[in-house]
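As given, the protein sequences belong to chains D and S, one line each in that order.
Take 684 as the starting number for the first sequence in our numbering and just add one per residue.
Take 684 as the starting number for the second sequence in our numbering and just add one per residue.
Note that the Cβ used here is the ideal one computed from N, Cα and C, for glycine as well.
Source: prediction; values computed, not measured.
What follows is one structure encoded as structure tokens, with my remarks underneath.
2 protein chains.
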Amino acid sequence: MSNVKMKGFKRLERADNALSKYLKALKIKVIDAENVMLEDALGRVLAEDVVAPIDIPSFDRAAMDGYAVRSSDVRGASPNNPVILKIIGEASAGKAFKGRLGKGETVRISTGAPMPEGADAVVMLEYAEEKDGYVEVIKEAVPGENVSEKGEDVRAGEVVLEEGTILEPQDLAILASLGIKKVKVRRRPRVFVMACGNELVDLVHAQLPLPPGKIVETNRLMIMSSLKKIGAEPIDGGIVGDDISEIMAAISSGLKIADAVVISGGTSVGKGDVVPDAILSLGGKIIVHGVAISPGKPVALCEVKGKPVICLPGYPVAAFIGFLLFVRPLIDKLLRIRGIRMEKKINAVLSKRVPSKTGIMEFVRVSLVESTDGLIAEPIRITGAGVLSSLSKADGFLVVPEDVEGFEAGSNVEVVALRDHLRRMRKGGKEEDI
Amino acid sequence: MSNVKMKGFKRLERADNALSKYLKALKIKVIDAENVMLEDALGRVLAEDVVAPIDIPSFDRAAMDGYAVRSSDVRGASPNNPVILKIIGEASAGKAFKGRLGKGETVRISTGAPMPEGADAVVMLEYAEEKDGYVEVIKEAVPGENVSEKGEDVRAGEVVLEEGTILEPQDLAILASLGIKKVKVRRRPRVFVMACGNELVDLVHAQLPLPPGKIVETNRLMIMSSLKKIGAEPIDGGIVGDDISEIMAAISSGLKIADAVVISGGTSVGKGDVVPDAILSLGGKIIVHGVAISPGKPVALCEVKGKPVICLPGYPVAAFIGFLLFVRPLIDKLLRIRGIRMEKKINAVLSKRVPSKTGIMEFVRVSLVESTDGLIAEPIRITGAGVLSSLSKADGFLVVPEDVEGFEAGSNVEVVALRDHLRRMRKGGKEEDI
Chain D
684 MSNVKMKGFK RLERADNALS KYLKALKIKV IDAENVMLED ALGRVLAEDV
734 VAPIDIPSFD RAAMDGYAVR SSDVRGASPN NPVILKIIGE ASAGKAFKGR
784 LGKGETVRIS TGAPMPEGAD AVVMLEYAEE KDGYVEVIKE AVPGENVSEK
834 GEDVRAGEVV LEEGTILEPQ DLAILASLGI KKVKVRRRPR VFVMACGNEL
884 VDLVHAQLPL PPGKIVETNR LMIMSSLKKI GAEPIDGGIV GDDISEIMAA
934 ISSGLKIADA VVISGGTSVG KGDVVPDAIL SLGGKIIVHG VAISPGKPVA
984 LCEVKGKPVI CLPGYPVAAF IGFLLFVRPL IDKLLRIRGI RMEKKINAVL
1034 SKRVPSKTGI MEFVRVSLVE STDGLIAEPI RITGAGVLSS LSKADGFLVV
1084 PEDVEGFEAG SNVEVVALRD HLRRMRKGGK EEDI
Chain S
684 MSNVKMKGFK RLERADNALS KYLKALKIKV IDAENVMLED ALGRVLAEDV
734 VAPIDIPSFD RAAMDGYAVR SSDVRGASPN NPVILKIIGE ASAGKAFKGR
784 LGKGETVRIS TGAPMPEGAD AVVMLEYAEE KDGYVEVIKE AVPGENVSEK
834 GEDVRAGEVV LEEGTILEPQ DLAILASLGI KKVKVRRRPR VFVMACGNEL
884 VDLVHAQLPL PPGKIVETNR LMIMSSLKKI GAEPIDGGIV GDDISEIMAA
934 ISSGLKIADA VVISGGTSVG KGDVVPDAIL SLGGKIIVHG VAISPGKPVA
984 LCEVKGKPVI CLPGYPVAAF IGFLLFVRPL IDKLLRIRGI RMEKKINAVL
1034 SKRVPSKTGI MEFVRVSLVE STDGLIAEPI RITGAGVLSS LSKADGFLVV
1084 PEDVEGFEAG SNVEVVALRD HLRRMRKGGK EEDI
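The structure is reproduced here in structure tokens:
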């Protein structure tokens, strides 16, 4: 380990071990549930299984435009042996035919219309010719043909969505189809987000130029907006100086109102890094301190008064990575989200060699550039946890695992996308078509 | 084409051609801009380039804990030839050292602290030993070593974020670091969302059991929540019956208050499908009607009074796919989002053969199941545009392109993810660890 600030870490825990050790050590209380209207439930997490109260469809209906028939009437029908049926009415979506189909009778029917009593199949328009109130059918139909049966989509009593599902637009639709107007979801976890450092100035107070040595604090905004994206409710815990009693007071007040606390800065092993001391002084436990990731080594995963407290490095890129690796899974756990998060990964060819130390999981910021051979991943900067622009310029991370010494130029790599859109940057002032 | 409802379509346009033809035909006005506070700008689209007003960092600062030195003083320093410097003070983050470093002098410095005047390098702690107010340096330092230079992250005058960027948490952070408190973003496009069909009942009025032949309308909720996810502002345009004058009135009122109109239902070529007629009667143009996708063929892409009007099929799965293929790119275009959307794709092995007609782009709903050999994609249902549960049960779509006749069992396929999490469904009532 050449990094002097790290000298104090007895050992660095592998990221995956750190997370599982932490989540195992935490006594996580399930976040309580609340009822919300369906139109407000997008992105919320179901707090209970939803059982269908009714069949969907709740009646047999035509799956095609055509003629509702008794299949026994058209048995053996063919172009050489057409069957002639009498049209006794019409059924359209929302307008049922009231009568009952007798032998040799049919009803004009359009998609979605309820099947008339007595009918058990729909003959498609192309196999039927209508003339003077009668229709000539040239193809037989098996029972159930072109009919959506009652309960075909969902059966009453079936679990349609399981507890722990994040509600997507298609889920809201299926719930609506069942006549469900409210759902029980987990309350958004409240996370108190604070930043430590004598050099930090709150954006709201920042007047340019700043006094010498001062910088605008940016991690709270980054962490709070990242929390919003994953369904948590951030609480602004403000900025405190590198003073242990100030930090203790802030953490304490955060723990009173929040389900978890996230602190940025002051978590390393330098002289001014008093956050771990503050946590111990509050009677908290430091479960992991020092993780084998770069950037992001000084992450500390703690518990204070039975609640999770995560300390992220002050360097913005390190804080961002610590968030993805530890805060995000913690929120998933608090919300009891079912299943595992799927990252958005993009295949690309690496433009130049990326060296990496064994034993460390390295996060290399890359931009993705289109070429005739597909996407090229261009490393933006190998080091520099403090260089925030490397993050906003990046399209994604190339993650070099612990047991890999790096990647050669020309390697096929998977890039974890940081954005939904692959930006085409203007090159040399030329604006491309957007 | 065996599908009778499609008989009326003279030709089906390929999805990619349909979209480019449509976007080319539309005279899209750029959505106007508005200023928002940085903390409200998450997910919004920049309406102008942002130019850095200052350098970041705005001063040279230490990148490591150690001793600020004049590199000329430590030239040739080694374990056998240590250089001894006098400690004249201390600098920490936010607390600058006020004096100036003379020859043979040094200042204790911590990461992030401003470099004292005269110093041009930082010697790391491990190459220095402190004793009685002096420090022994055993390694030389080149000018700039362990120093983050003024402007290293961002230079004043540089474009840090381009117009058309969707603002992510890391972008808000870089803007904050520049002291920027407000940004100019595009107003959210307002989209009027209405549904057509005599069979439809508004969820808010739905009392179970519904009258025979009636179903709860679900597409508006699905479309409106999908619009929210991509940064648009949906306006609920309610339900209208299959009546041309009712539909015309609704579209007209939508066009008065919205930037675009999305209509679900009544867009095919059956008797009750009067939406295209309504559009023509309003003096609108139908640019594309009938797309070579399944489900979703009856999509109609129109322009009325200079504004985009998209007609989606009433069948929920078809409406969902039509939304992804046409409404989503339209919104991206209205917002002038820079670059192309990257889908989240997951590699999997197909569990069974999926047949598909050539010339049609087929969307097969699949669930992803973990196995020892990786993920298995299991088709949920090959057909059934009306079967909404196939969407909420799906983890993603397997897209069969127009020129592919299907995929064999065991093929390696890419699945377009419909969720962020790979759910592990309970099997046989056994609850797995979540």
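With a 10 Å radius around its C-beta and 16 neighbouring C-beta atoms as the bar for buried, classify residue i as buried or exposed.
i	result
residue 946 (chain S)	buried
residue 1115 (chain S)	Because residue 1115 (chain S) sits at a pLDDT of 41, beneath the cut-off of 50, its placement in the model cannot be relied upon, and the following sentence gives the value as read from the coordinates. Result: exposed.
residue 975 (chain S)	buried
residue 988 (chain D)	exposed
residue 748 (chain D)	buried
residue 1096 (chain D)	buried
residue 720 (chain D)	exposed
residue 851 (chain D)	buried
residue 713 (chain S)	exposed
residue 1091 (chain D)	exposed
residue 810 (chain S)	buried
residue 829 (chain S)	buried
residue 955 (chain D)	buried
residue 990 (chain S)	buried
What's the C-alpha gap between residue i and residue j?
i	j	result
residue 948 (chain S)	residue 912 (chain S)	22 Å
residue 968 (chain D)	residue 699 (chain S)	57 Å
residue 761 (chain S)	residue 769 (chain S)	17 Å
residue 972 (chain S)	residue 932 (chain S)	22 Å
residue 746 (chain D)	residue 831 (chain D)	6 Å
residue 880 (chain S)	residue 1062 (chain D)	54 Å
residue 837 (chain S)	residue 858 (chain S)	11 Å
residue 655 (chain D)	residue 906 (chain S)	The question about residue 655 (chain D) has no answer here: the residues shown for chain D are numbered 684 through 1117.
residue 984 (chain D)	residue 977 (chain D)	16 Å
residue 702 (chain D)	residue 901 (chain S)	40 Å
residue 862 (chain D)	residue 889 (chain S)	6 Å
residue 936 (chain S)	residue 877 (chain S)	11 Å
residue 742 (chain D)	residue 1072 (chain D)	59 Å
Could you confirm whether any beta carbon from chain S is found closer than 7 Å to the beta carbon of residue i?
i	result
residue 814 (chain D)	no
residue 1025 (chain D)	yes
residue 1048 (chain D)	no
residue 725 (chain D)	yes
residue 909 (chain D)	yes
residue 1017 (chain D)	no
residue 901 (chain D)	yes
residue 947 (chain D)	no
residue 1021 (chain D)	yes
residue 1079 (chain D)	no
With 7 Å set as the bound, which would you pick, yes or no: does the beta-carbon of residue i sit closer than that to a beta-carbon of chain D?
i	result
residue 882 (chain S)	yes
residue 1072 (chain S)	yes
residue 789 (chain S)	no
residue 1044 (chain S)	no
residue 896 (chain S)	yes
residue 959 (chain S)	no
residue 872 (chain S)	no
residue 888 (chain S)	no
Would you say the beta carbon of residue i is closer than 6 Å to some non-hydrogen atom of the ligand GTP?
i	result
residue 815 (chain S)	Looking at this structure, you won't find the ligand GTP or any other ligand, since it has none at all.
Return the chain-ordered ranges of every alpha helix (DSSP H) run that is complete within the segment 910-963 of chain S and spans a minimum of 4 residues. If we require 4 residues or more, the alpha helix (DSSP H) runs fully inside the segment 910-963 of chain S come out as 927-940.
Chain-ordered residues of the segment 974-1008 of chain S with a beta carbon less than 8 Å from chain D: Within the segment 974-1008 of chain S, contact with chain D at the beta-carbon level (separation under 8 Å) is assigned to 997, 999 and 1003.
Inside the segment 1048-1110 of chain S only - alpha helix (DSSP H) runs reaching at least 4 residues: Entirely contained in the segment 1048-1110 of chain S, the alpha helix (DSSP H) runs reaching 4 residues are, in chain order, 1072-1076.
If you scan the segment 848-900 of chain D from start to end, which runs of the beta strand (DSSP E) of 3 or more residues do you find wholly inside it? With a minimum length of 3 residues, the continuous beta strand (DSSP E) runs that stay inside the segment 848-900 of chain D are 865-869 and 873-879.
Residues within the segment 1054-1065 of chain D neighbouring chain S, beta-carbon criterion of under 7 Å: Listed in sequence order: no entries.
Give me the subset of the segment 837-861 of chain S whose CB atoms are less than 8 Å from a CB atom of chain D, sorted by chain position. Residues 837, 843, 844, 845, 847, 848, 849, 851, 852, 853, 854, 855, 856, 857, 859, 860 and 861.
Note down, in chain order, all residues in the segment 739-765 of chain S with a beta-carbon under 9 Å from any beta-carbon belonging to chain D. Within the segment 739-765 of chain S, the qualifying residues are 739, 740, 741, 742, 744, 746, 747, 748 and 749.
Which whole runs of the alpha helix (DSSP H) in the segment 959-1041 of chain D are 4 residues long or more, in chain order? Counting only runs of 4 or more, we get 999-1005 and 1011-1017.
List, from N- to C-terminal side, the beta strand (DSSP E) runs of 3 residues or more that fit wholly inside the segment 774-799 of chain D. Within the segment 774-799 of chain D, the complete beta strand (DSSP E) segments of 3 residues or longer fall at 788-792, listed in chain order.
Can you list, in chain order, the stretches of the alpha helix (DSSP H) that have 4 or more residues and sit fully within the segment 697-739 of chain S? The segment 697-739 of chain S contains these whole alpha helix (DSSP H) runs: 698-708.
For the segment 790-811 of chain S, which residues have a beta carbon sitting closer than 8 Å to at least one beta carbon of chain D? Taking 8 Å as the cut-off between beta carbons, the residues of the segment 790-811 of chain S near chain D are 793, 794, 795, 796, 797, 807, 808 and 809, in sequence order.
In the segment 804-845 of chain S, which residue ranges form an unbroken beta strand (DSSP E) of at least 3 residues, counting only runs that do not cross its ends? Runs of the beta strand (DSSP E) inside the segment 804-845 of chain S: 804-807, 811-814, 817-820 and 842-844.
Using a Cβ-Cβ cut-off of less than 7 Å, give me the residues of the segment 1087-1100 of chain D that come near chain S, in sequence order. Cβ contacts with chain S come from 1100.
In chain order, what residues of the segment 708-724 of chain S put their CB closer than 8 Å to some CB of chain D? Among the residues of the segment 708-724 of chain S, those with a Cβ less than 8 Å away from any Cβ of chain D are 721 and 722, in the order of the chain.
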